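Residue numbers (full-length UniProt numbering), protein chains in the order written: chain A, 1 to 81; chain B, 1 to 81; chain C, 1 to 81; chain D, 1 to 376; chain E, 1 to 376; chain F, 1 to 376.
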Amino acid sequence: MNVSELLAEAGILMLVGMVVVFLFLSMLIVAIKLLTKFAEAYPDPIKPKRNEIKPISSSKTSPQVIAAITAAVKQYKARNK
Amino acid sequence: MNVSELLAEAGILMLVGMVVVFLFLSMLIVAIKLLTKFAEAYPDPIKPKRNEIKPISSSKTSPQVIAAITAAVKQYKARNK
Amino acid sequence: MNVSELLAEAGILMLVGMVVVFLFLSMLIVAIKLLTKFAEAYPDPIKPKRNEIKPISSSKTSPQVIAAITAAVKQYKARNK
Amino acid sequence: MEGLQTLWESTALAHFEFGQIIMMAVGLLLLFLAIAKGFEPLLLLPIGFGAILANIPLAGFNDEGGLLYYIYHVGIETGVFPLLIFMGVGAMTDFSALIANPKMLLLGAAAQFGIFATLFGAILLNLIPGFDFSLQDASAIAIIGGADGPTAIFLASKLAPDLLGAIAVAAYSYMALVPIIQPPIMKALTTVDERKIKMEQLRVVSKKEKMIFPLAVLFLSAMLLPAAAPLVGMFCLGNLMKESGVVDRLSNTAQNELINIVTIFLGLAVGSKLSAEKFLTLETLGILGLGAIAFSIGTAAGVLMAKLMSKFSKQPINPLLGAAGVSAVPMAARVVNKVGLEANPHNFLLMHAMGPNVAGVLGSAVAAGILLALVG
Amino acid sequence: MEGLQTLWESTALAHFEFGQIIMMAVGLLLLFLAIAKGFEPLLLLPIGFGAILANIPLAGFNDEGGLLYYIYHVGIETGVFPLLIFMGVGAMTDFSALIANPKMLLLGAAAQFGIFATLFGAILLNLIPGFDFSLQDASAIAIIGGADGPTAIFLASKLAPDLLGAIAVAAYSYMALVPIIQPPIMKALTTVDERKIKMEQLRVVSKKEKMIFPLAVLFLSAMLLPAAAPLVGMFCLGNLMKESGVVDRLSNTAQNELINIVTIFLGLAVGSKLSAEKFLTLETLGILGLGAIAFSIGTAAGVLMAKLMSKFSKQPINPLLGAAGVSAVPMAARVVNKVGLEANPHNFLLMHAMGPNVAGVLGSAVAAGILLALVG
Amino acid sequence: MEGLQTLWESTALAHFEFGQIIMMAVGLLLLFLAIAKGFEPLLLLPIGFGAILANIPLAGFNDEGGLLYYIYHVGIETGVFPLLIFMGVGAMTDFSALIANPKMLLLGAAAQFGIFATLFGAILLNLIPGFDFSLQDASAIAIIGGADGPTAIFLASKLAPDLLGAIAVAAYSYMALVPIIQPPIMKALTTVDERKIKMEQLRVVSKKEKMIFPLAVLFLSAMLLPAAAPLVGMFCLGNLMKESGVVDRLSNTAQNELINIVTIFLGLAVGSKLSAEKFLTLETLGILGLGAIAFSIGTAAGVLMAKLMSKFSKQPINPLLGAAGVSAVPMAARVVNKVGLEANPHNFLLMHAMGPNVAGVLGSAVAAGILLALVG
Ligand code: NA
Ligand code: NA
Ligand code: NA
C-alpha cells in the first residue's frame, strides 16, 4: 500500500474506532443505569453492623492490652504512693 | 466391548477396588499403631514452655503500649486533679 | 584426553581461574573506592527523620489502646474507690 | 462498506451459536451459585468465568495461542495443577484426629463404595440409548463420588478429558450440596439414640507421630499402589512440610500464594472445557445424575460401616461419623457435627469427624490410583 | 597462549559493538528515571535492567536457552503476562465513582481520540523519507495514547513485536510524565472559572452494583467486540474476584504476589527487546514523538468533551475531569485534582476524576480490540 | 485371574529394584538430616522427598508426562530456577559490610582456591581405576567448593547434568556441615592471639553506595566475564530492587513468595536426579570426598590470605575472617563469630565476617563464569 491508501485506511480506522468506542461506552452508560435501577429494586440486605462503640473491639490485642494496663497502672500507683 | 462385558469389568473393578481400598487403609491402621508405639518409646523432647503468665508477652507492642499507658495515665491524672 | 593432558588443563584452569577471580574482585575494590568517593561528593539528601519521641507513634493501634486505657483506668478507679 | 462489513463480522453477534449462549448462561449460573449461594466459590467462580470466556465467539480463548488454551495444556493436561493443589491441601491438613483414632480409616474406606458403585451405575446407563460410556469414562465419572475436586480433575484429565468440564462442575457442585444431600440419608439410616452417642475424647498426638505419618502413607502407596503415588506423594509432601516445622516458609507459600495462583488457573482451565458440544449432551445429564447417586451411596456406605464397627467395638462409635468418610473436607465433618447436635445439643462431633474426613481424602486418592492402574 | 586467547575472547571487551554500549546507557537512563525520578519504577526498573542484560555480548540472555529468551516467549509472545497484569489491575480497581456517575464514560471515550489521531499521524510520518510504518505498526504505536502499559504491550506483541521495546518504553515514560504533559493543555483549554466548578457529591454505590458491573462490561465486550475480550475479560475477572467478596484469597493473590511476579518478568522481557538494531532507529524517534502527541491529543479531546457535556448537562461538569479520561490511573486523576486545587483551594476533584480515569482504561481496551479486529 | 495379575503387576512390589530401595533410603536420610539435624532444610527436605518420589517404580515421576520430568525440564535444564533463586538471594543480601571494608573482597577471592584445587583433585582421581571425570565433570564438581547452592546447580546443569544430583546433595550437605568442618582448620592455622584481634568498627554506608554497588558489579561482569552475567546479573537485579527502595513490592515478592515457590520446585527437581544408576556409583563417593576437601581448602586459603593481608595492612585483620570467604551465607560468618568469641568473649566478628561472606558469593559466581567460559 502506498501512503495515500494508508492514509485513507487510517482515516477510516479513526472514524470507525471513535464511533465504536463511543457506542460501546454509551451502551455501558445505559447498562449502568439499568443496573442501578435493578440494584434499587433489589437492595443489598442490610446487615446488622457490628457495634463499633464498644471500646475494646479487637479481641486480638485486648487481653494483652488489659494485662499491660493492669501492670502499668499498678506500677504507676506503686511509684506514686 | 458390549455392555455385559463392561458390566462384568465394572463388577470386578468394584470388588477389587473396595478390597484394595480396605487393604490399604487397614495397613495404614497397623502403621499408625506401630507409629504410636514408636512415638511413645521415643517421646518428643519436652521443651521448656515459654512462661505465658508474664503479663506483657508481646515484645512487639509492649513499648508502645507502655508509652501509651504512661501518657494516658498522666493525662488522666492531670484532668482529674 | 589422557590424564596428564587433563592435569595440564586443570593446572592452567587453576592458574587462570585464580588470577581472574583476584583480578575481578580487585577491580571491584577499586570500583567501591571510587563509588565511596562519589557518594561522599554527592551525599544522600538528609531527610527530616520522623519524630520518634512522640509516645504514641503507631496510628493503627493508638485509638484502640487509648480506648482500652480509658476503660481500664476508669474500672481501676472504680474498684479502688 | 467493506470496513463496516469487516466490523460487523468482527462482532460476536454475527457468529453466536445457540449452544454458546446456553453455555454462557451456564457460566453465569455457576457464578451465581458461587457468589450468591456460596457454593465452593474458590473454584466455581473461576470455572464459571472461564466458561463464559471460552464461549465468546471469535475471542479465541481456547484456540491455539489463546490464554485458556495455554493454561489448559500447561496445567491440566500435564496434571501439574491438581497435584500442586493437592500439595497445598496437604499443607493445610491436620491428621491429629485420625492418628488418635486410626480405626476411623475404615469409615474413609467404606465411603469409597460410592465411587465403585457409581462406576457400575455409569456402565448400566449404557443400556439407555444415547449413552455410550467407556470404562475410562465411567471411572472418571465415578471419582465424583470421592468428593475431592483435585482428585477428580486429575483422574478425568487422564482418563476422559472430554468429560472433564462436566465432571469438575458436578464434583464441586455436589461438594457444595453436601449439607443438603447428606442429612436425610444419615437420619434414615440411624436411630435418634445412635445419633446421641458421645465419643471418647481424643488423645493428644505428638509432633513425631504427625511428622512420620505422611511418610508412612507415602511408603504404603509406593509399595502397594504406585499409580496413586503422584496424588498421595504431593499430598504427603505438603503435609510433611507443615508438620516438620523446619520449612515453614515453604509450607506457608504452598498453602497460600501457590495454591491461590494455581486455583485461579485451574478454575479458568476447567471452565474452558465447558463448551457447548462437550457439555450440552446427554452424557452431562448422566454425569450430574450419577454424581448425586455417588455422594448418596458413599454417605450411606460410611454410615453403615460405622454401625457395623460400633457392634464390634468396645468404645461406642456414633454412626453419623461414617458420613464424613466421603471427604468433602471440612464440609462433611461440619454436617456430622450439625446433625449430631440436633440429636444431642451437648454432643460435639466435629473433632471426631475430622478423622474419617481426612481418611476419605486418602481413600479417594487410593481409589483414583486403582482406577488409573487398572483402567488407565 | 591458546588459553589466554580463549580467555580474552570470552571477555565482553573483545566483542562489544557500539550499539550495545549505547543500549546499556539507555538501560541505565531508564534505571535512573525509575529510581531517582520515580518514573513508574515498578516497570521501568526491570525494563532498564533487562535492557542492560540483553546487550551484554556473549552473555546470551536473548539467545535460545537464555533466561530472557524463555521469559519473552513464554510470557509476552503468548500474551499471558499482560493479561495477568490486567487481571491484577482489575482486582485493584474500584468502579464506584464511575457507577455513581456513568456519564463520565463519555470522557473516557473522547480521550481515546489520542489513539486514533496518532494512528493517522504515524501513517503521515511515512511521508518523511526513512519512515515506513505499516498499518500494524501504526496501530501498535497509536495505542501509546491509551496510557495503559499492559494494553500497549499486549497489542504491540500481536501487531508489531519488533517495535515492542520502544512502544513499552514510550508508554511507561509518558505515563510518568503525565504531571508535566497535561497541566498546560488543561489550562490552555479552560478558563479559571471553568476550573473552579464544583461537582456534586457522588452517591454511595451498592455492593450489588459493583458486583454486576464487571459482568455487564464483559457481556458488552463479548457481544460487540470479542477481539477486546481477552483484555476486558481478564480485567473483569479480577474486578469480580474483588467485588464478589467470596474469593478474597484469590483476589489478594492476584493483586499482590501474582502481579508482582509477572511484573518482574514482564519488565525483563520488555527490556530484552531493547536491542540496538531494533531500538536505535529512526522509528524509535518517531515513536517517542508520536507518543507525546498522543497523550496531548487525548488530554485535549477529553477536556473538550467535558466542556461540550457541560453545556448539555443539568449538573455542572468541571472540564478538567476530561483530562483524566486518558487513564494513566491514578496519576491523571491526581493531576486533575491538583490543577483543580490551584484554581479553587477547596475543590477536591480526586474522587470525581476516578470515574473518567477508570473509564479510560475500558476505553483503551476497547480501542485495542478494534485495532486487533480490523488491523490484526 | 487376569485382573489379579494386572493388579499385582501394578504394585511396586513386583518391580522394585535394589537400587531404588537404596535410593529411597538415601532420600529418607536426607529428610532425617533436614528435619532432625536441621541441615539446610529448605533444600534438603524437598530434595529428599523428590528422591523418594523419583525412585518409586511405575509411579512415573521422571517419565515424560510425569511431574518431576516437567519441573526438571522447565526449571533446571533451562537454568531458570537457580537464576530466580539467585535473584531472591540478591534481594536478601546486604552489602554494607563489604562496601565499608572492600579489602574483604580479597578474602572472598582467596577462598575460591577451594574450587580450583578441587578441579585439579577431581582430575587426579582419574588415576584411580573406575574414575573417569571429564574436564566438564571436574569443573561441575569443583564448584561445590563455592559453597553456594544455586551456583552449583546452575553450573552442574550446564556442564554435567548426570552428576547434578550428587553435586547438589554434596553442596547443601557440606554447607550444613560448615560449623563442623571449619573450626578445626581455622584453629590449626591461627594462634590464639591472632583470633583475639579486634576489628575496627565499620562505618555507616550510604544508601547511594548500596544502590550503585550492584550496578558496578554487573558492569564489571558485563565487561570482563559475560559468562558469569546470568548469575551475577540476576543477583544484582535482586539487590538493586532491594536497595533502590522504589520497588519494595517486587523486592518482597522476590525474596519471599517467588523464592519459596521456586525452592520447592528446585528441590524436587534436584531430587529427581537421585536415581540409582546415576547416584549409586563410585563417582558419587568421589564427589562427596572432593566436596569435603573443597570446603577445607577454601577455608584454609581464606584464613591464610587473611594472615597475609594482616601483615601488609595498617589496621589489624583477624585471620578468622578469611574462613567466611567460602560464602555459605550466613553460616560461615556465624562460625567465624563463634570461634572468635571462644578466643575473646568480647570480640563480636559477625558484622565484619559478613563482608568476606558476601564477597564469597560474588567470588564463586565469578569462578563459575570462568569455568563456563573455558570449559562449557
Ligand atoms: Na473422598
Ligand atoms: Na486509556
Ligand atoms: Na563462594
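Backbone N, C-alpha and C define an ideal beta-carbon position, used for all residues, glycine too.
These figures come from a predicted structure and were not determined experimentally.
For residue i, the three-state DSSP class (helix, strand or coil)
i: residue 186(E); result: helix
i: residue 162(E); result: helix
i: residue 307(F); result: helix
i: residue 239(E); result: helix
i: residue 49(C); result: Its pLDDT being 46, under 50, residue 49(C) is placed unreliably in this model, and the coordinates cannot settle the point.
i: residue 103(F); result: coil
i: residue 93(E); result: coil
i: residue 5(A); result: helix
i: residue 274(E); result: coil
i: residue 253(F); result: helix
i: residue 65(D); result: coil
i: residue 131(F); result: coil
i: residue 33(C); result: helix
i: residue 13(B); result: helix
i: residue 19(D); result: helix
i: residue 35(E); result: helix
Beta-carbon proximity of residue i to residue j, cut-off 7 Å
i: residue 114(D); j: residue 286(D); result: no
i: residue 40(F); j: residue 140(F); result: no
i: residue 183(F); j: residue 339(F); result: yes
i: residue 316(E); j: residue 83(E); result: no
i: residue 112(D); j: residue 294(D); result: no
i: residue 282(E); j: residue 65(E); result: no
i: residue 258(F); j: residue 261(E); result: yes
i: residue 321(E); j: residue 353(E); result: yes
i: residue 188(D); j: residue 167(D); result: no
i: residue 39(C); j: residue 208(F); result: yes
i: residue 125(D); j: residue 143(D); result: no
7 Å CB neighbourhood of residue i in its chain, flanking five on each side removed
i: residue 327(F); result: 146, 147, 148, 357, 360, 361, 364
i: residue 264(F); result: 46
i: residue 20(E); result: 55, 57, 276
i: residue 44(E); result: 30, 33, 34, 172
Nonlocal neighbours in the same chain, by C-beta distance under 8 Å from residue i, ignoring five residues either side
i: residue 185(D); result: 296, 299, 300, 303, 323
i: residue 311(F); result: none
i: residue 22(F); result: 276, 280
When the options are compared against residue i, the one with the closest alpha-carbon
i: residue 374(D); options: 268(D), 116(D), 11(D); result: 116(D)
i: residue 105(F); options: 217(F), 246(F), 144(F), 343(F); result: 217(F)
i: residue 245(D); options: 32(F), 182(F), 154(F); result: 32(F)
i: residue 13(C); options: 168(E), 220(E), 124(E), 6(E); result: 6(E)
i: residue 70(D); options: 157(E), 204(E), 80(E), 89(E); result: 80(E)
i: residue 284(E); options: 163(E), 260(E), 153(E), 9(E); result: 163(E)
i: residue 89(E); options: 252(E), 345(E), 336(E); result: 252(E)
i: residue 319(E); options: 123(E), 28(E), 198(E); result: 198(E)
i: residue 307(E); options: 61(E), 341(E), 221(E), 191(E); result: 191(E)
i: residue 345(D); options: 241(D), 196(D), 290(D), 233(D); result: 196(D)
Close-in-space but distant-in-sequence residues of the same chain around residue i (CB under 6 Å, 5 per side omitted)
i: residue 371(E); result: 139
i: residue 72(E); result: 269, 272
Residue list, Cβ distance to ligand 3 heavy atoms smaller than 6 Å: 146(F), 147(F), 148(F), 326(F), 327(F), 360(F), 361(F), 363(F), 364(F)
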